[in-house]
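Each residue of the sequence shown is one higher than the last, beginning at 3 in my numbering.
For every residue, glycine included, the Cβ atom is placed at its ideal position computed from N, Cα and C.
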Amino acid sequence: KPTQQVSLTYGPITSAHRMDANMEAFRNYGLGQFIHWGVYAIPGNEWEGVSARGGAAASEWIRSWGGATAPKNWKNTYDNLYKQFAAKDFDAKKWARQAKEMGAKYLIFTTKHHDGFALWPTKYSEYNITQSPYGKDIVKEVVDAYTAEGIDVYLYFSVLEWNNPDYMGKVPQTAEEKQRFGRFLDYTRNQLVELSDNYPKIKGFWFDGTWDPSWKSAYDFTYQLEKELRDRHPGLVIGSRFRNDENGSRHFDTNGRLLGDYEQGWERKLPQQFEWLDGNDWDAVMTIPPNGWGYMKDWSGLYTKTTDDIIDMLMHAVSMNGNFVLNFGPDGNGKMHVGEDKVSKELGDWMKLNSEAVYGVRHADLPLSKLGYYTQKGDDLYLTVMNRPVNDIVRIAVPKNTKAVPVRASLLTTKQSLQVKHADIGLDLDKNTYYDILLPKKFKSNQAFVIKMKLGAPL
Ligand code: JFZ
């Protein structure tokens with residue numbers, strides 16, 4: 003954070019720590035689901051069944067990068083794929099049930115990705131779902147089905163559009179360019195107001211494609227638009243990826259203040275230190291393949307994250323007050339990838355046993371443990387053990403003179419109580435004291451498990 007504060011007209015609109023119901027809900031989600039669905043699901047990272055560019059590329063970007071096996075006029079080919087978007091297996095209720103079974107508390111759904119194709123019947127562009135064989139309002143079906151399952155819905159919206167002649171990446175210079183980009187801004191406003199009005203149940207927007215100089219130069223427009231959306235849709239939650247201040251500072255303004263309600267920069271990565279987050283709310287969005295958000299037909303030869311990897315990342319995020327959002331890229335018919343079905347089922351099974359350590363928890367102010375991740379709810383302290391010690395002694399470091407230390411412990415799943423002993427060991431006597439929790443040798447685990455501790459005055 004800069005020490006010298008400058009005066010800004012286009013800083014934050016909302017306070018960085020909103021306490022209203024929607025933000026409190028956001029803080030308690032723990033786990034979310036992302037869905038990337040659009041016409042890119044039809045190629046699925048391939049042209050005519052031949053991999054376009056290996057697995058490291060982002061499949062939803064195929065229109066941009068084409069790849070080695072792209073047809074000659076692939077952009078034109080791509081822009082006509084919507085004629086095949088029949089979505090014959092699409093069942094929003096089935097998706098919502100699966101998300102619920104997995105334990106997701108919110109959904110981020112792509113209404114329009116960089117290709118510009120709108121999954122709702124927008125009045126402001128022809129390039130939308132009504133032109134496809136499917137024809138119906140997918141966004142409405144998704145919002146209704148998830149909301150009915152008690153899962154909050156956030157709408158993903160890409161500002162940047164590849165095939166819109168009014169869009170430009172550079173700052174508009176000539177009168178003609180200014181007029182053209184002005185039209186694009188109006189169009190963007192119209193679509194966002196339309197989404198906000200059409201789907202009053204949504205809790206927020208998740209913005210993307212806001213990095214180009216053109217958008218960055220429109221900071222007065224984006225400031226007014228954020229205000230307008232918040233006025234029209236009270237309680238709306240908007241992340242830090244929407245707009246920038248007059249100096250082009252994104253996510254955080256020139257004075258280091260969060261631009262939006264939560265930090266939205268953790269994309270396929272996680273913070274290594276809690277301090278980096280500066281007390282802000284945040285989410286991390288994550289793919290199962292290395293870097294494909296849209297459907298990828300062929301997962302072979304790729305490292306795809308295992309359920310254990312996902313649990314590790316989930317607990318890493320929630321232990322630092324973040325939400326973890328796992329991405330799914332359904333195929334052109336609306337079916338999830340079998341690999342996604344597998345992870346979703348396994349994660350759901352784990353969540354059914356352990357979600358007490360995930361929902362509604364906060365960061366625990368303890369030295370990081372090499373054994374796993376701490377989360378806390380009032381007097382309850384949870385340690386999700388990722389690395390079980392060979393001697394079955396789970397040693398907890400507690401800063402000296404801490405008033406609340408682990409006085410009781412149990413296994414979360416079986417409620418079996420565990421012995422807690424003070425360990426009078428001088429590893430860093432000036433800083434910490436230690437508590438040992440003894441795991442029964444008979445307790446077998448082939449996955450992360452949770453130790454639940456009661457905090458109280460030292461015995
Ligand atoms: C964007 C999209 O380009 C991508 O297709 C996907 O939708 C993803 C969720 O968001 O990709 C980004 C956006 C921001 C960063 C990296 C990739 N970032 O801030 O590092």
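Could I get the ranges of all uninterrupted alpha helix (DSSP H) runs contained in the segment 298-379, with 4 residues as the minimum, in chain order?
309-321, 340-356
Classify Phe207 as helix, strand or coil using the three-state DSSP reduction.
For the purposes of this step, residue 207 is taken as residue 205 along the sequence shown, with counting starting at 1. Three-state result, Phe207: strand.
DSSP beta-bridge partners for Asn434?
Reading the sequence shown from its first residue, position 432 is the one you call residue 434. Answer is Pro401, bridged to Asn434.
Extent of the continuous alpha helix (DSSP H) to which Arg410 belongs
Within the sequence shown, numbered from 1, the residue matching residue 410 stands at position 408. That residue, Arg410, is in no alpha helix (DSSP H); its beta strand (DSSP E) goes 407-413.
Kindly indicate the opening and closing residues of the beta strand (DSSP E) around Ala286.
Taking the sequence shown and counting its residues from 1, the one referred to as residue 286 is at position 284. That run of the beta strand (DSSP E) goes 284-288.
6 angstroms CB neighbourhood of Glu163 in its chain, flanking five on each side removed
Counting from one through the sequence shown, the residue named residue 163 turns up at place 161. The residues are Gly118, Tyr169.
Reduced DSSP secondary structure (H/G/I, E/B, other) of Ala94:
Along the sequence shown, read from residue 1 onward, the residue named residue 94 stands at position 92. Ala94: helix per DSSP, three-state reduction.
If you follow the alpha helix (DSSP H) that Pro188 is in, where does it begin and where does it stop?
By 1-based counting over the sequence shown, the position of residue 188 is 186. Looking at the sequence provided, one finds Asp at residue 188 rather than Pro. Annotation: the continuous alpha helix (DSSP H) that includes Asp188 extends over 177-200.
In the DSSP assignment, what residue or residues form a beta bridge with Trp49?
Locating residue 49 in the sequence shown gives position 47, counting from the first residue. Trp49 pairs with Val52.
Note down, one range per segment and in chain order, each beta strand (DSSP E) of at least 3 residues found wholly within the segment 105-173.
Positions of the beta strand (DSSP E) runs, each at least 3 residues long and wholly inside the segment 105-173, are given as 108-114, 154-160 in order along the chain.
Considering only residues of the same chain and omitting the five flanking positions on each side of Pro14, which have a CB-CB separation below 7 angstroms?
Mapped onto the sequence shown, residue 14 falls at position 12. Taking Pro14 as the centre and dropping the five residues before and after it, the same chain places the C-beta of Asp255, Arg259, Leu260, Leu261 closer than 7 angstroms to its C-beta, in chain order.
Once you ignore the five residues that flank Val173 on each side, which residues in its own chain have a CB closer than 7 angstroms to its CB?
Looking up residue 173 in the sequence shown gives position 171. Cβ neighbours of Val173 beyond the five flanking positions: Pro215, Ser216, Ser219.
Between Gly458, Thr416, Lys77, Leu457, which has its C-alpha nearest Leu441's C-alpha?
Sequence index remark: in the sequence shown, residue 441 carries index 439 (1-based). Of the candidates Gly458, Thr416, Lys77, Leu457, the one whose C-alpha sits nearest the C-alpha of Leu441 is Thr416.
Determine, using beta carbons only, whether Gly331 and Ser61 come nearer to each other than 8 angstroms.
For this step, residue 331 is matched to residue 329 along the sequence shown. For this step, residue 61 is matched to residue 59 along the sequence shown. Result yes, Cβ atoms of Gly331 and Ser61 sit closer than 8 angstroms.
Please name the residue in Glu348, Pro291, Leu413, Ala399 whose C-alpha comes closest to that of Asp430.
Walking along the sequence shown from the start, residue 430 turns up at place 428. When each option's Cα is compared against that of Asp430, the closest is Ala399.
Could you tell me the boundaries of the alpha helix (DSSP H) in which Phe451 lies?
Position 449 of the sequence shown, counted from the first residue, corresponds to residue 451. Taken as a continuous stretch (DSSP letters only), Phe451 belongs to no alpha helix (DSSP H), being part of the beta strand (DSSP E) at 451-458.
In the DSSP assignment, find the unbroken beta strand (DSSP E) run with Gln35 in it and report its ends.
Your numbering for residue 35 matches position 33 in the sequence shown. Run containing Gln35: 33-37, per the beta strand (DSSP E) assignment.
Length of the line joining the Cα atoms of Thr190 and Thr224:
On the sequence shown, residue 190 is found 188 positions in, with the first residue counted as 1. On the sequence shown, residue 224 is found 222 positions in, with the first residue counted as 1. Between Thr190 and Thr224, the C-alpha separation is close to 10 angstroms.
Would you call the segment 86-100 and the segment 141-149 touching, i.e. three or more CB-CB distances under 8 angstroms?
Three or more Cβ pairs closer than 8 angstroms define a contact, and the segment 86-100 meets that threshold against the segment 141-149.
Between Asp139 and Ile37, what straight-line distance do the alpha-carbon atoms span, to the nearest angstrom?
Position 137 of the sequence shown, counting from 1, holds the residue named residue 139. Position 35 of the sequence shown, counting from 1, holds the residue named residue 37. Roughly 16 angstroms separates the two Cα atoms.
Interface flag, Phe119 vs chain B, CB-CB below 8 angstroms:
Any reference to chain B falls outside this structure, which holds one protein chain only.
Going by DSSP in three states, Thr212 sits in which element: helix, strand or coil?
Along the sequence shown, one-based indexing puts residue 212 at 210. Three-state DSSP puts Thr212 in coil, outside helix and strand.
Spell out the partners DSSP gives Leu420 in its beta bridges.
Position 418 of the sequence shown, counted from the first residue, corresponds to residue 420. Answer is Ala411.
Any heavy atom of ligand 1 closer than 7 angstroms to the CB of Gly267?
Counting from 1 along the sequence shown, the entry for residue 267 is found at position 265. Yes - ligand 1 has a heavy atom lying nearer than 7 angstroms to the Cβ of Gly267.
Any heavy atom of ligand 1 closer than 7 angstroms to the CB of Trp164?
Taking the sequence shown and counting its residues from 1, one reaches residue 164 at position 162. No, since every heavy atom of ligand 1 falls outside the 7 angstroms radius drawn around the Cβ of Trp164.
Buried or exposed (CB count within 10 angstroms, at least 16 for buried), Thr309
Working through the sequence shown from its first residue, we reach residue 309 at position 307. Buried, by the Cβ-count rule.
Measure the alpha-carbon distance for Asn246 versus Gly51 and round it to whole angstroms.
What you label residue 246 is simply residue 244 of the sequence shown in a count that begins at 1. What you label residue 51 is simply residue 49 of the sequence shown in a count that begins at 1. Asn246 and Gly51: Cα-Cα distance of roughly 41 angstroms.
Could you tell me whether any non-hydrogen atom of ligand 1 is closer than 7 angstroms to the CB of Ala60?
Translated into the one-based positions of the sequence shown, residue 60 becomes position 58. For ligand 1, at least one heavy atom lies less than 7 angstroms from the Cβ of Ala60.
Integer Cβ distance of Ala43 from Gly211, believed to fall under 8 angstroms
What you label residue 43 is simply residue 41 of the sequence shown in a count that begins at 1. What you label residue 211 is simply residue 209 of the sequence shown in a count that begins at 1. Wrong, their Cβ atoms sit about 18 angstroms apart, outside the cutoff.
When every heavy atom of ligand 1 is checked, does at least one fall within less than 7 angstroms of the C-beta of Asp255?
The count along the sequence shown starts at 1 and reaches residue 255 at position 253. Answer for Asp255: no, Cβ out of range of ligand 1.
Counting along the chain, where does the beta strand (DSSP E) carrying Asp382 start and finish?
Counted from its first residue, the sequence shown places residue 382 at position 380. 382-387 is the span of the beta strand (DSSP E), which, as asked, contains Asp382.
Less than 8 angstroms separating the beta-carbons of Val287 and Val327?
If you number the sequence shown from 1, residue 287 lands on position 285. If you number the sequence shown from 1, residue 327 lands on position 325. Cβ distance < 8 angstroms, so Val287 and Val327 count as in contact.
Does DSSP classify Trp295 as helix, strand or coil?
Counting from one through the sequence shown, the residue named residue 295 turns up at place 293. Trp295 falls in the coil class under three-state DSSP.
Residue interval of the alpha helix (DSSP H) (run including Gln226)
As a first step, residue 226 must be located in the sequence shown, where it is residue number 224. Looking at the DSSP string, the run of the alpha helix (DSSP H) that includes Gln226 is 221-234.
Enumerate in chain order the residues of its own chain whose CB-to-CB distance from Ala106 is below 7 angstroms, with the five nearest sequence positions on each side excluded.
For this step, residue 106 is matched to residue 104 along the sequence shown. Only Leu33, Gly34, Gln35, Ile153 meet the Cβ criterion.
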